[in-house]
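Take a look at the structure below.
2 protein chains.
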Amino acid sequence: MLLCENSIVKQSLTNVLRVNQLRSVEKRALYLRIRDYLAADIAAGKWAENEKLPSERQLSEQFNTTRVTARQALTQLEAEGLIFRSNRRGWFVTPPRINYDPSRDMGFVRYVEDQGFSARTQTLEKKLIELPDHIADEVGLDRGTPVYEILRRRYINDRPCLIEKIFLNPKHCPGVLQHSLDRSLWSLLKAEYDLVPVERHLEIYPQTLEQPIAEALDANTGTSGLYIRRICRDQNGDFLELDEEFWLHNALKVVVSVMPD
Amino acid sequence: MLLCENSIVKQSLTNVLRVNQLRSVEKRALYLRIRDYLAADIAAGKWAENEKLPSERQLSEQFNTTRVTARQALTQLEAEGLIFRSNRRGWFVTPPRINYDPSRDMGFVRYVEDQGFSARTQTLEKKLIELPDHIADEVGLDRGTPVYEILRRRYINDRPCLIEKIFLNPKHCPGVLQHSLDRSLWSLLKAEYDLVPVERHLEIYPQTLEQPIAEALDANTGTSGLYIRRICRDQNGDFLELDEEFWLHNALKVVVSVMPD
DNA sequence: AAGTGGTCTAGACCACGTG
DNA sequence: ACGTGGTCTAGACCACTTT
Numbered sequence: 007m008l009l010c011e012n013s014i015v016k017q018s019l020t021n022v023l024r025v026n027q028l029r030s031v032e033k034r035a036l037y038l039r040i041r042d043y044l045a046a047d048i049a050a051g052k053w054a055e056n057e058k059l060p061s062e063r064q065l066s067e068q069f070n071t072t073r074v075t076a077r078q079a080l081t082q083l084e085a086e087g088l089i090f091r092s093n094r095r096g097w098f099v100t101p102p103r104i105n106y107d108p109s110r111d112m113g114f115v116r117y118v119e120d121q122g123f124s125a126r127t128q129t130l131e132k133k134l135i136e137l138p139d140h141i142a143d144e145v146g147l148d149r150g151t152p153v154y155e156i157l158r159r160r161y162i163n164d165r166p167c168l169i170e171k172i173f174l175n176p177k178h179c180p181g182v183l184q185h186s187l188d189r190s191l192w193s194l195l196k197a198e199y200d201l202v203p204v205e206r207h208l209e210i211y212p213q214t215l216e217q218p219i220a221e222a223l224d225a226n227t228g229t230s231g232l233y234i235r236r237i238c239r240d241q242n243g244d245f246l247e248l249d250e251e252f253w254l255h256n257a258l259k260v261v262v263s264v265m266p267d
Numbered sequence: 007m008l009l010c011e012n013s014i015v016k017q018s019l020t021n022v023l024r025v026n027q028l029r030s031v032e033k034r035a036l037y038l039r040i041r042d043y044l045a046a047d048i049a050a051g052k053w054a055e056n057e058k059l060p061s062e063r064q065l066s067e068q069f070n071t072t073r074v075t076a077r078q079a080l081t082q083l084e085a086e087g088l089i090f091r092s093n094r095r096g097w098f099v100t101p102p103r104i105n106y107d108p109s110r111d112m113g114f115v116r117y118v119e120d121q122g123f124s125a126r127t128q129t130l131e132k133k134l135i136e137l138p139d140h141i142a143d144e145v146g147l148d149r150g151t152p153v154y155e156i157l158r159r160r161y162i163n164d165r166p167c168l169i170e171k172i173f174l175n176p177k178h179c180p181g182v183l184q185h186s187l188d189r190s191l192w193s194l195l196k197a198e199y200d201l202v203p204v205e206r207h208l209e210i211y212p213q214t215l216e217q218p219i220a221e222a223l224d225a226n227t228g229t230s231g232l233y234i235r236r237i238c239r240d241q242n243g244d245f246l247e248l249d250e251e252f253w254l255h256n257a258l259k260v261v262v263s264v265m266p267d
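Here's what the structure looks like:
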């Protein structure tokens with residue numbers, strides 16, 4: 007017991023000494039200074055995009071601290087979007103955000119490629135379902151209306167960056183599920199059904215990713231994300247599409263141009 | 007030393023026992039179950055909006071765990087936007103998000119009040135400065151162009167929710183700083199200078215709040231926020247306004263309606 | 001003065017991913 | 001099999017807020 011207390015006292019003392027020593031140099035928290043150090047390294051290009059940082063254990067050794075504190079620095083960098091983690095594989099440098107305009111769906115892939123990235127779309131699921139009641143009420147359809155549901159995953163530079171769930175009004179595009187949906191949906195709707203959205207309603211806000219979404223994006227449950235929702239109607243105000251997108255928060259910058267009403 | 011090791015062994019054993027016991031019930035992480043428990047309480051209205059949760063020490067005792075784990079649950083709820091913290095005062099239940107349309111500045115206060123909240127604007131600073139070079143280049147003005155800079159803080163239900171920094175082109179609104187700016191800026195610009203924005207360019211993305219901003223919002227440095235930037239031009243494409251807004255991430259839902267080009 | 005969150009230590013075991 | 005992050009313990013001191 008005596009020894010235990012001794013070691014605690016010793017630990018406290020070394021703490022005090024260390025803190026005083028560091029405080030004399032600078033009085034910001036240790037984890038923030040580690041953050042700054044790593045941020046500078048990242049900015050200087052010490053690691054390339056998508057390259058793995060040293061392990062938490064290595065970092066805590068390097069900065070002469072514990073894993074908890076090193077992790078706090080990493081978590082901060084993650085919140086800022088500079089790094090991301092992949093399940094149990096490690097921490098990686100985030101590539102630059104893409105610009106994304108949710109008010110146009112014409113050619114996501116080309117739009118992204120114009121910015122110097124590669125893009126890819128993968129259809130995970132497509133089926134006919136009954137529109138959930140709360141959504142039906144919201145968009146002004148009868149409850150129980152059948153709609154197409156499409157689940158897609160989109161990659162940027164081979165990194166899965168978003169999951170999108172699309173509800174389509176079959177009235178305007180019967181049989182659309184028989185086409186390949188790994189391409190631009192609106193160019194398909196335009197070509198096959200002459201469908202063009204006229205009115206768009208957007209909702210955008212930060213949220214965390216729930217388990218199935220996070221999993222599909224190879225991220226941890228509870229990671230922060232950006233939620234984007236788009237409702238498109240035709241010239242008659244008829245419901246065409248509801249699009250829900252779940253993005254990694256660090257993957258994009260939403261860019262919208264608007265003219266006044 | 008022996009006792010020390012003993013206590014560690016004992017600790018590990020109790021860990022194992024606890025974990026096994028909990029795993030038999032459910033195998034999610036403890037902090038996530040605490041999160042669920044608290045989230046359910048919040049949903050059930052156990053605490054009112056802006057009401058303080060029990061202290062971290064109380065919670066860790068209640069859930070028979072340590073402060074670190076209790077904090078992890080709280081941090082998760084914070085990321086989801088259900089609770090927020092105020093400097094060293096505690097954790098509080100977040101009020102509902104407001105809807106916010108950055109494409110219109112006409113009457114922020116009234117817009118918010120229409121949703122059943124109260125709103126208030128406070129001017130922190132107003133002065134004439136030289137537009138920073140990188141911004142000048144971006145909006146197409148000559149470097150060194152003088153512009154008005156206005157710094158405002160906006161409250162919703164007496165909670166400071168955003169800081170905004172506005173750059174105004176004095177060419178179109180000379181002497182505007184002499185007016186009170188605690189009101190809607192665009193209604194002022196319309197009334198006094200007959201100024202109406204025609205083209206608007208928006209950028210929206212999640213970011214963390216840097217120290218001065220966070221401080222002004224009574225939040226911690228590094229808290230997650232939402233960055234919104236708006237550039238307004240007149241019918242000739244002349245630069246009118248650059249508006250940068252730094253929001254608490256849990257305070258709003260961005261809502262934009264667009265018609266096609 | 002008492003209480004709160006903010007930071008930090010020095011360990012531990014586990015689940016999972018990779019070789 | 002080994003290394004990684006994910007989770008967790010049981011404390012500590014500090015800065016600041018509230019009483």
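Residue numbers (the working numbering), protein chains in the order written: chain H, 7 to 267; chain R, 7 to 267. Backbone N, C-alpha and C fix where the C-beta goes; we use that ideal spot for every residue, glycine too. Note that the coordinates shown come from a computational prediction; the quantities given were computed from them, not determined experimentally.
In this structure, the CA atom of H/S92 is about 17 angstroms from the CA atom of H/L65. For H/D107, same chain residues with a beta-carbon under 8 angstroms away, outside a window of 5 residues either side, are Y117, V260, V261, V262, S263 in chain order. In this structure, H/F123 lies near H/I162, with their beta-carbon atoms less than 8 angstroms apart. Rounded to whole angstroms, the separation of the alpha carbons of R/A35 and R/A45 is 15 angstroms. Here the alpha carbons of R/P101 and R/A125 stand approximately 14 angstroms from one another. Between the C-alpha atoms of H/I40 and R/Q78 there is a straight-line separation of about 21 angstroms. Rounded to the nearest angstrom, the Cβ distance from R/N256 to R/G87 is 3 angstroms, consistent with a contact under 8 angstroms.
R/E170 sits in a strand when the DSSP states are folded into three classes. Within the region 191-213 of chain H, those residues whose Cβ lies closer than 8 angstroms to any Cβ of chain R are, in chain order, V202, P203, V204, E205, R206, H207, L208, E209, I210, Y211, P212, Q213. Three or more Cβ pairs closer than 8 angstroms define a contact, and the region 146-158 of chain R falls short of that threshold against the region 202-221 of chain R. Taking C-beta atoms under 8 angstroms as the contact rule, R/T151 and R/A142 qualify, at a distance of about 6 angstroms. Just so you know, the alpha carbons of H/R94 and R/M112 end up roughly 48 angstroms apart. Remark: C-beta atoms of H/P180 and H/D240 do not approach each other more closely than 8 angstroms. Looking at the backbone, the Cα of H/S230 and that of H/D224 are separated by about 13 angstroms. Using a Cβ-Cβ cut-off of 8 angstroms, R/R103 counts as an interface residue toward chain H, since at least one Cβ of chain H sits closer than that to its own. Here the alpha carbon of H/L195 sits roughly 22 angstroms from the alpha carbon of H/F252. Scanning R/D200, R/K58, R/A49, R/N70 for the CA closest to the CA of R/Y37 turns up R/N70. Contact check for R/Q121 and R/I104: beta-carbon distance about 6 angstroms, within the 8 angstroms limit, so the pair qualifies. In the displayed model, H/P203 falls within coil according to three-state DSSP, outside both helix and strand. With respect to chain H, the C-beta atom of R/V115 has no partner C-beta closer than 8 angstroms. With respect to the C-alpha of R/L174, the residue from R/L137, R/D148, R/K58 having the closest C-alpha is R/L137.
When the beta-carbon positions are compared, R/I172 and R/E221 stay at least 8 angstroms from each other. Burial state of H/D249 is buried, judged by a 10 Å Cβ sphere holding 16 or more other Cβ atoms. Not a single C-beta of chain R is nearer than 8 angstroms to the C-beta of H/M112.
For H/T127 against H/R160, the beta-carbon gap comes to about 5 angstroms, under 8 angstroms, which counts as contact. H/A222 carries a helical assignment under DSSP once its states are collapsed to helix, strand and coil. At a cut-off of 8 angstroms between beta carbons, R/Q82 contacts chain H. Shown in chain order are the members of the region 248-267 of chain H whose Cβ falls below 9 angstroms from a Cβ of chain R: H255, N256, L258, K259, V260, V261, V262, S263, V264, M265, P266, D267. The straight-line gap separating the alpha-carbon atoms of R/R73 and H/K58 is approximately 31 angstroms. Using a CB distance cut-off of 8 angstroms, H/G96 does not count as an interface residue toward chain R. Using a Cβ distance threshold of 8 angstroms, R/L232 and R/C167 do not count as a contacting pair. If only uninterrupted alpha helix (DSSP H) runs of at least 4 residues are considered, those enclosed by the region 22-96 of chain R are 36-49, 62-68, 73-86. Going by C-alpha positions, R/S193 is about 14 angstroms away from R/S109. By the criterion of a C-beta distance shorter than 7 angstroms, H/N242 is surrounded by no residue of its chain, once the five residues flanking it on both sides are discounted. For H/L246, the nearest beta carbon of chain R is not closer than 8 angstroms to its own beta carbon.
About 5 angstroms separates the CB atoms of R/A76 and R/E62; that is less than 8 angstroms, so the two are in contact.
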